[in-house]
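Participant:
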Amino acid sequence: MATLMDGRALAKTIRSEVLEHAGQLRRRGVTPGLAVVLVGDDPASAVYVRNKEKDCAECGIHSTVHRLPADITQDGLLVLLSRLNADPAVHGILVQQPLPERLDPFSVICAVDPKKDVDALHPENVGLISLDRPYFLPCTPAGVMALLEHYGIDPKGRHCVIIGRSHIVGKPMAQLMLARHATVTVCHSKTPDLGALTRQADILVSAAGKPGLVTGDMVRFGAVVVDVGINKNPDGKLAGDVVFAEAEPAAAYITPVPGGVGPMTRAILMKNTITAAVEATV
Ligand code: NAD
387 MATLMDGRAL
397 AKTIRSEVLE
407 HAGQLRRRGV
417 TPGLAVVLVG
427 DDPASAVYVR
437 NKEKDCAECG
447 IHSTVHRLPA
457 DITQDGLLVL
467 LSRLNADPAV
477 HGILVQQPLP
487 ERLDPFSVIC
497 AVDPKKDVDA
507 LHPENVGLIS
517 LDRPYFLPCT
527 PAGVMALLEH
537 YGIDPKGRHC
547 VIIGRSHIVG
557 KPMAQLMLAR
567 HATVTVCHSK
577 TPDLGALTRQ
587 ADILVSAAGK
597 PGLVTGDMVR
607 FGAVVVDVGI
617 NKNPDGKLAG
627 DVVFAEAEPA
637 AAYITPVPGG
647 VGPMTRAILM
657 KNTITAAVEA
667 TV
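The opening position of the sequence shown corresponds to residue 387 in the working numbering, with each subsequent residue numbered one higher.
Following this line, the structure appears as structure tokens:
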């Protein structure tokens, strides 16, 4: 039977460390602040933003949410971002994705001050991550690495197979794994015979957003299986990419969905906000 990697419990520990750190900053007269920008009324995004507000409250971080109408212009959004960039009470800025299609996500990301870009998506931060000198940690991949470390899993010399090549998960995941001396294979929607590759994985990270993609026969016996996917089943329940009941008997370690990578992503965002506040004061 696989060991369940409990992201909920580890995230709670990280949040209590962040709270302590925020307390130290407050005693020096600095209240760490996170500004979240939410455009439109996508219900999933609204839930993610509410969770961030909740996390901030628990971590002693002041949060402000800027809710903008779906028909906001690109210029209107950029004006708000430049105001937040200039506000010394705001240490971290996060623009909730996805943005309405009319808006250009790349220029929005570029408009955030890299020193406040707690999502680590600005080209400057992406470059630093790829040079193994991250200023901010990429939230989801760093959450995965923290989980592995907590369970004593060292990627060094292991074959890590990643499903997904997005800017937010797959690519930075590959960078962090390489930095920890894993041998990395990145698969994507055009990869033929996915199973032939996943069966070679010592560490399998799935971030495709496709429920049921990873079946039991795609998991090597004794592998570490990390399910980043968050999908909604027709019954409204959350599911990952991995068929848990099939993969779990083969795996040595596995993350549940929910309760695995999701809470870790949120906890790393809190950590990044503290980093931004500390750096702003030195
Ligand atoms: P994305 O749509 O930007 O990227 C998905 C990637 O998966 C693409 O590179 C695509 O090529 C690949 N892919 C899709 N179908 C595939 C297939 N059949 N075979 C192989 N590769 C395939 O998505 P994203 O933003 O990277 O998110 C991926 C998933 O992770 C989603 O379910 C998302 O909700 C979830 N997510 C979870 C967290 C978390 O904290 N747990 C954070 C971010 C994203």
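Cβ coordinates follow ideal geometry from the N, Cα and C atoms, glycine included.
(1) Counting C-beta neighbours from all protein chains within 10 Å, is the total for histidine 567 16 or more, i.e. buried, or is it exposed?
(2) Identify the residues that DSSP records as bridge partners of leucine 523: which are they?
(3) Below 7 Å CB to CB, which residues in the same chain sit around alanine 456 once its five sequence neighbours on both sides are set aside?
(4) I need the boundaries of the alpha helix (DSSP H) containing arginine 436, first residue and last residue.
(5) Would you say the beta carbon of lysine 542 comes nearer than 7 Å to a heavy atom of the ligand NAD?
(6) Using the Cβ count rule (16 or more neighbours within 10 Å means buried), how would you classify proline 520?
(7) Do valine 476 and methionine 656 come within 8 Å of each other at the CB atom, strictly closer than that value?
(8) Determine the closest residue to leucine 467 out of Cys442, Arg436, Ala421 and Pro578, with distance taken between C-alpha atoms.
(9) Where alanine 633 and threonine 601 are concerned, what is the direct C-alpha to C-alpha distance, given to the nearest angstrom?
(10) Please report the Cβ distance between leucine 411 and alanine 663, rounded to the nearest whole angstrom; I am assuming they are in contact, meaning their Cβ atoms lie under 8 Å.
(11) For glycine 419, which beta-bridge partners are listed by DSSP?
(12) Hey, which residues come within less than 6 Å of the ligand NAD, measuring from Cβ to any heavy atom, in chain order?
(13) Do leucine 533 and glycine 409 count as a contact pair if the criterion is CB distance below 8 Å?
(14) In the DSSP output, what is isoleucine 549 paired with across the bridge?
(15) Starting from aspartate 505, follow the beta strand (DSSP E) in both directions and report where the run begins and ends.
(16) Exposed or buried, threonine 584, counting other C-beta atoms within 10 Å across all chains shown (16 or more means buried)?
(17) Give the straight-line distance between the Cα atoms of aspartate 505 and glycine 556, rounded to the nearest whole angstrom.
(18) Measuring straight from C-alpha to C-alpha, what distance separates valine 668 and valine 570?
(19) If you drop the 5 nearest sequence neighbours on each side, which residues of the same chain put their C-beta closer than 7 Å to that of lysine 618?
(20) Taking 8 Å as the threshold (C-beta atoms), are alanine 587 and valine 672 in contact?
(21) Can you tell me whether methionine 387 is buried or exposed, with buried defined as 16 or more other CB within 10 angstroms of its CB?
(22) Less than 8 Å between the CB atoms is what I'm expecting for methionine 559 and proline 541, so what's the real figure, rounded?
(23) With burial defined as no fewer than 16 other Cβ atoms inside 10 Å of the residue's Cβ, what is the status of serine 493: buried or exposed?
(24) Ends of the alpha helix (DSSP H) at leucine 580?
(25) Nearest to leucine 517 by alpha carbon, out of Ala565, Ile539, His553 and Gln483?
(26) Would you report the Cα separation of glycine 648 and valine 465, rounded to the nearest angstrom?
(27) Are the beta-carbon atoms of leucine 590 and valine 605 separated by less than 8 Å?
(28) Give me whichever residues DSSP pairs with tyrosine 639 in a beta bridge.
(29) Mind checking glycine 331: buried by the 16 CB within 10 Å criterion, or exposed?
Facilitator: Let's see:
(1) Around the beta carbon of histidine 567, fewer than 16 other beta carbons sit within 10 angstroms, so the residue counts as exposed.
(2) Paired residue(s): none; leucine 523 is not in a bridge.
(3) Excluding residues within five positions, the ones whose Cβ falls inside 7 Å are Val425, Gly426, Asp427 and Pro486.
(4) Where arginine 436 is concerned, the enclosing alpha helix (DSSP H) stretches over 429-445.
(5) Placement of the Cβ of lysine 542 at a distance of 7 Å or more from every heavy atom of the ligand NAD is found.
(6) Its Cβ being crowded by 16 or more others within 10 Å, proline 520 is buried.
(7) No.
(8) Ranked by Cα distance from leucine 467, the options Cys442, Arg436, Ala421 and Pro578 are led by Ala421.
(9) Each residue's Cα considered, the two are about 6 Å apart.
(10) About 6 Å separates the two Cβ atoms, so the contact holds.
(11) Looking at the DSSP output, glycine 419 sits in a beta bridge with His448.
(12) After applying the 6 Å Cβ criterion, the set is Thr526, Ile549, Gly550, Arg551, Ser552, Ile554, Val555, Gly556, Cys573, His574, Ser575, Thr577, Leu580, Ala593, Ala594, Gly595, Lys596, Leu599, Val614, Gly615, Ile616, Asn617, Val647, Gly648 and Thr651.
(13) It is not a contact, given that the beta carbons lie outside the stated cut-off.
(14) For isoleucine 549, DSSP records a beta bridge to Cys573 and Ser592.
(15) For aspartate 505, no beta strand (DSSP E) run applies, since DSSP gives it neither H nor E.
(16) In summary, threonine 584 is buried, with 16 or more beta-carbon neighbours lying within 10 Å of its beta-carbon over all protein chains present.
(17) Distance from the CA of aspartate 505 to the CA of glycine 556, rounded to the nearest whole angstrom, comes to 14 Å.
(18) Valine 668 and valine 570 have their C-alpha atoms roughly 37 Å apart.
(19) Once the five neighbours on either side are set aside, the close Cβ partners of lysine 618 are Leu624.
(20) With the chain covering only 387 through 668, there is no way to say anything about residue 672.
(21) With a 10 Å radius around the Cβ and a threshold of 16 neighbouring Cβ atoms, methionine 387 comes out exposed.
(22) Contact between methionine 559 and proline 541 is ruled out by a C-beta separation of about 11 Å, above the 8 Å threshold.
(23) So serine 493 ends up on the exposed side.
(24) Taken as a continuous stretch (DSSP letters only), the alpha helix (DSSP H) holding leucine 580 covers 580-584.
(25) Closest option to leucine 517, Cα to Cα, is Ala565.
(26) Between glycine 648 and valine 465, the C-alpha separation is close to 31 Å.
(27) Contact: yes.
(28) For tyrosine 639, which the question treats as bridged, DSSP gives the partners Thr389 and Val610.
(29) With the chain running from 387 to 668 in the structure shown, residue 331 is simply not present.
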